[in-house]
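Heads up: the sequence shown begins at 79 in the working numbering, then just goes up one per residue.
The beta-carbon is built from N, C-alpha and C at its ideal position, and this holds for glycine as well.
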Amino acid sequence: MDAIPTRAAYLSEPAYRTPLERTLRMLLLCVVVAITFFANNRLIAPDIMESRNLITAREMVEKGNYLIPTMNDKLRLEKPPLPTWVAASIESVSPGDVALQRAAAGLMGVLLVVFFYLFALKVMRIDPLLPTLILCTCYNFVLMGRTASWDIYCHAFMTGSIYFSARALTERGHKLWAFFWAGLLMGLSILSKGPVSLFALYLPFIIAMLLCVPMTMRGKWLGLSLMIVMAVGVGCWWYAYVHMVRGDELAAMAAQETGSWMGRNVRPWWYYWSFFLETGIWAVMLITSIIMIGFHYRPWRRREYLVPLVWMLAALVLLSCMPEKKTRYLLPVIIPASMLMGQLVQEWRSAFSKKYVPMVEKVSFRLNCWLLALAVAALPVAGWIFLSSRGLMPVWQLVLFGIFFLLVAVGLGISAVRLRPGNMVWLVAILFCVAEIFALPKVMPLINNPEMKSISATATMPELKGLPFYAPDDEELRIEMVYAARRSIHQIDLSDTASLRRRLPAVVLTHGGTAEKVPAAFLQTVDTVHVGTYDDNRRPKGTRRYSPRFIYNVTVLREKQ
Numbered sequence: 079m080d081a082i083p084t085r086a087a088y089l090s091e092p093a094y095r096t097p098l099e100r101t102l103r104m105l106l107l108c109v110v111v112a113i114t115f116f117a118n119n120r121l122i123a124p125d126i127m128e129s130r131n132l133i134t135a136r137e138m139v140e141k142g143n144y145l146i147p148t149m150n151d152k153l154r155l156e157k158p159p160l161p162t163w164v165a166a167s168i169e170s171v172s173p174g175d176v177a178l179q180r181a182a183a184g185l186m187g188v189l190l191v192v193f194f195y196l197f198a199l200k201v202m203r204i205d206p207l208l209p210t211l212i213l214c215t216c217y218n219f220v221l222m223g224r225t226a227s228w229d230i231y232c233h234a235f236m237t238g239s240i241y242f243s244a245r246a247l248t249e250r251g252h253k254l255w256a257f258f259w260a261g262l263l264m265g266l267s268i269l270s271k272g273p274v275s276l277f278a279l280y281l282p283f284i285i286a287m288l289l290c291v292p293m294t295m296r297g298k299w300l301g302l303s304l305m306i307v308m309a310v311g312v313g314c315w316w317y318a319y320v321h322m323v324r325g326d327e328l329a330a331m332a333a334q335e336t337g338s339w340m341g342r343n344v345r346p347w348w349y350y351w352s353f354f355l356e357t358g359i360w361a362v363m364l365i366t367s368i369i370m371i372g373f374h375y376r377p378w379r380r381r382e383y384l385v386p387l388v389w390m391l392a393a394l395v396l397l398s399c400m401p402e403k404k405t406r407y408l409l410p411v412i413i414p415a416s417m418l419m420g421q422l423v424q425e426w427r428s429a430f431s432k433k434y435v436p437m438v439e440k441v442s443f444r445l446n447c448w449l450l451a452l453a454v455a456a457l458p459v460a461g462w463i464f465l466s467s468r469g470l471m472p473v474w475q476l477v478l479f480g481i482f483f484l485l486v487a488v489g490l491g492i493s494a495v496r497l498r499p500g501n502m503v504w505l506v507a508i509l510f511c512v513a514e515i516f517a518l519p520k521v522m523p524l525i526n527n528p529e530m531k532s533i534s535a536t537a538t539m540p541e542l543k544g545l546p547f548y549a550p551d552d553e554e555l556r557i558e559m560v561y562a563a564r565r566s567i568h569q570i571d572l573s574d575t576a577s578l579r580r581r582l583p584a585v586v587l588t589h590g591g592t593a594e595k596v597p598a599a600f601l602q603t604v605d606t607v608h609v610g611t612y613d614d615n616r617r618p619k620g621t622r623r624y625s626p627r628f629i630y631n632v633t634v635l636r637e638k639q
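Spelled out as structure tokens, the structure:
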């Protein structure tokens, strides 16, 4: 078979009439993608996942341990190093540049979008623009594409592997080139975050293909073998190297990670019941898509029509089977979900182009469009409550935003009346672009801590240059503090005065006064200089995430002259 066939009406949309229209569509899509991943990407303080990656990258550059990574001077074998190598290359050129690190993750988001677009065009044979716009306006995807973490790397490479696998498995011929690229990209995904994406994204795709697509492996076994060899060779060579040089540590890490998956952040199997909320503004449409695509399926349709739906549900079931659950793990579900929603938009466009439009089509579309219009129309009210009334946004700016939001709401209402599903998607994309460029900086004071006094200030203090940093070993040391300090912070027993004296001069970090952790008799025998009190809480005071664990007094201890 040539590829997954769907209705020919999909490719007869007006958007395909002229080269100028196609060029304009691509340019607009490029603008949306650029804004999605790169606009104002330095505003949010690094979180724990970013801190771990960037600390490891920093120590790679400082100590040259590219093959055996460390984090805070301890072995960091839990995650493969490919994303950290990228971060280390950036760190060597522009140290501490969070925006540039996130831009690298954004480029991986762009790569994922490219493969997603090609999958929709070449494999699903639907207009790829609309599902791609939907993907770029899904909350979970936007968030992961704007943070320097491992997830976007492994899923971007695996999406490419899925695209080439689909072409290799469904098109005629040996397709050795497609199997080669599928294996290479799968290996890069494994080298980015182990088998996570293989389990959460590729396996559900294969399940969907086996259930929905008639395939034959005649003449493809050589290509499949090539794909497996490439994936294992590229993805596992680092594990083999570490096993040879640090076998015991690797085994201990594997046991620890297995225990963590089974015993950390354990949630019930139904924890992901609200998965549709991870799409953000498209939550209602995802539910509609699940119902409507099932409703539209008829025996005269090819089973390939159900690939996105089965793929999404299979990913959701597999993720639900794992004891450890986090909402950010749902990114593999968002990818086929966006394809599914794009498929529904195509169904609406096809149905509305006919003389007789079934009532269920009109009702389902108008319900979604009017709900979006109401949500957008309520944004000026939210802006007044959360921003202007708190002095975070001048009234004249709120008026301008309000006019824009109301125009978008009116546009959505017109789209509902005139049955224009494509316009609905474009209006939401424009809304996101304006919000990410102009509204995001205004919202940041609600998210970031305006009173943050970061310990990063100590990194440039001449009097602290070359001094080791220590924290109490009986308290949790947040890894974000290590990242902010831009140096290793070792935990020791501060009450062991003999050991502490051998380490002088040193910098001591304590939540309270130094005397609470260091014996008073010892403090009388050394010089103490209080450098300052630092608050690295990312969230403002009064929120549930504001914690004393991020507040430290920094004190220098020296032998008396």
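What number of angstroms, rounded off, separates the C-alpha of residue i from the C-alpha of residue j?
i	j	result
M691	I122	Lying outside 79 to 639, the shown extent of the chain, residue 691 is not represented and no answer is given.
D551	L328	24 Å
L387	I368	7 Å
Q569	R622	27 Å
L160	C314	12 Å
S431	W163	51 Å
M530	R616	7 Å
K619	N527	7 Å
L635	I533	17 Å
S303	I240	16 Å
E128	G297	45 Å
Going along the chain, which residues of its own chain have a beta-carbon closer than 6 Å to the beta-carbon of residue i, five neighbours each way excluded?
i	result
F242	A256, W259, A260
S267	C232, F235, M236, S275
Y349	K403
H608	T633
F510	T215
G187	F115, G223, I230
R564	A537
A87	Any reading at A87 needs caution, since the residue's pLDDT is 39, under 50, leaving its predicted position unreliable; the model's value is listed next. Only S428 meet the Cβ criterion.
Y548	H568, I570, A584, V586
Tell me which same chain residues have a C-beta within less than 7 Å of the C-beta of residue i, skipping the five on either side of it?
i	result
Y217	E356, T357, G358
W378	With a pLDDT of only 45 at W378, under the threshold of 50, the placement of this residue in the model should not be trusted, and no figure is reported.
V473	S466
S625	N615
M419	P209, I212, W360, M363, L364, S367
Classify residue i as helix, strand or coil using the three-state DSSP reduction.
i	result
Q475	helix
M522	helix
V385	helix
K253	coil
I285	helix
M530	coil
T148	strand
W259	helix
L457	helix
R180	helix
I122	coil
E554	coil
M295	coil
Y624	coil
L110	Leu is not the amino acid found at residue 110; the sequence shown has Val there. Looking at V110 - three-state DSSP - the assignment turns out to be helix.
P499	helix
W228	coil
D574	coil
R203	coil
N143	coil
S243	helix
M104	helix
A330	helix
Tell me the DSSP bridge mates of residue i?
i	result
A584	L635
V435	None; V435 has no bridge partner.
V344	E402
D605	R636
F547	I567, V585
K613	Inspection of the sequence shows that residue 613 is occupied by Asp rather than by Lys. D613 pairs with K531, I629.
L39	Within the shown structure, residues of the chain are numbered from 79 to 639, placing residue 39 beyond reach of any answer.
Please classify residue i as buried or exposed, where buried requires at least 16 neighbouring CB atoms within 10 angstroms.
i	result
N131	buried
A135	buried
P147	buried
C290	buried
Using a Cβ-Cβ cut-off of 8 Å (strictly less than) and excluding sequence neighbours within five positions of residue i, which residues of its own chain qualify?
i	result
E594	T588
W448	L490, G491, A494
I515	I113, A117, N118
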